[in-house]
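Read through the structure below, which is laid out as C-alpha cells, and then see the notes.
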Amino acid sequence: GRAGRLAAAGYGDELPDARDELKVRFNRDAGTASFKTPEEYAAEARAADQQQQETRKARETQELLEEIQALMPEPKAEPPAKAPIDLNGIKPTDLLIGAGSYAVVAVLAWQFTNAAAAYFAAND
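Those letters in the sequence shown? Residues 986 to 1109, per the working numbering, in order.
The following block contains the structure:
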C-alpha cells in the first residue's frame, strides 16, 4: 500500500504529514553561522533602513545646498584700499582731550549764563 509507495519514493520509515506546508519551519542547526534569530533579522533591517535614511538625508542636504548656492548673489568686489590720511603729526588722543576740555568750558559758560539771567530777573 501506501508505505510501499512512500518507501519506493525515498521516504523510508518517515511519513510526511499531509499538512506539512502549514507547519512552522525552524532550523535544527541553530548553532551554525547561517542561522539568524528574528532579532538579528530585525537589527539588520533597522540598520539597512537607517543607512537608506542617512543616504536620503545626505542627498537632500546636498540638493538644498546646491539650491542655496544657486540663489546666492555674486560676491561683491573688494573695495579699493583707502589711502592713509595725513594728520600733520596731530595725535587723535590730543584731539579727544581738546574736545573734552571744550565741553567742560561750554557747560560752565551755560551755567554762568543761567545764573546771570536769574540774577537780573530778580534785581531790576
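By construction, the Cβ of each residue, glycine as well, lies at the ideal position given by its N, Cα and C atoms.
By DSSP, does residue i sit in helix, in strand, or in coil?
i, result
"Ala1094", "helix"
"Lys1042", "helix"
"Asp1079", "helix"
"Ile1053", "helix"
"Glu1059", "coil"
"Pro1023", "helix"
"Ala1066", "coil"
"Asp1034", "helix"
"Gly1074", "coil"
"Asn1108", "coil"
Tell me which residues share the same chain as residue i and place their Cβ nearer than 8 Å to its Cβ, disregarding the 5 neighbours each side in the sequence.
i, result
"Asp1109", "none"
Identify, in the order they occur along the chain, each residue of the same chain with its Cβ nearer than 7 Å to the Cβ of residue i, setting aside the five sequence neighbours on each side.
i, result
"Ile1066", "The sequence as given places Ala at residue 1066; Ile does not occur at that position. Within the same chain, Ala1066 has no close Cβ partners at all."
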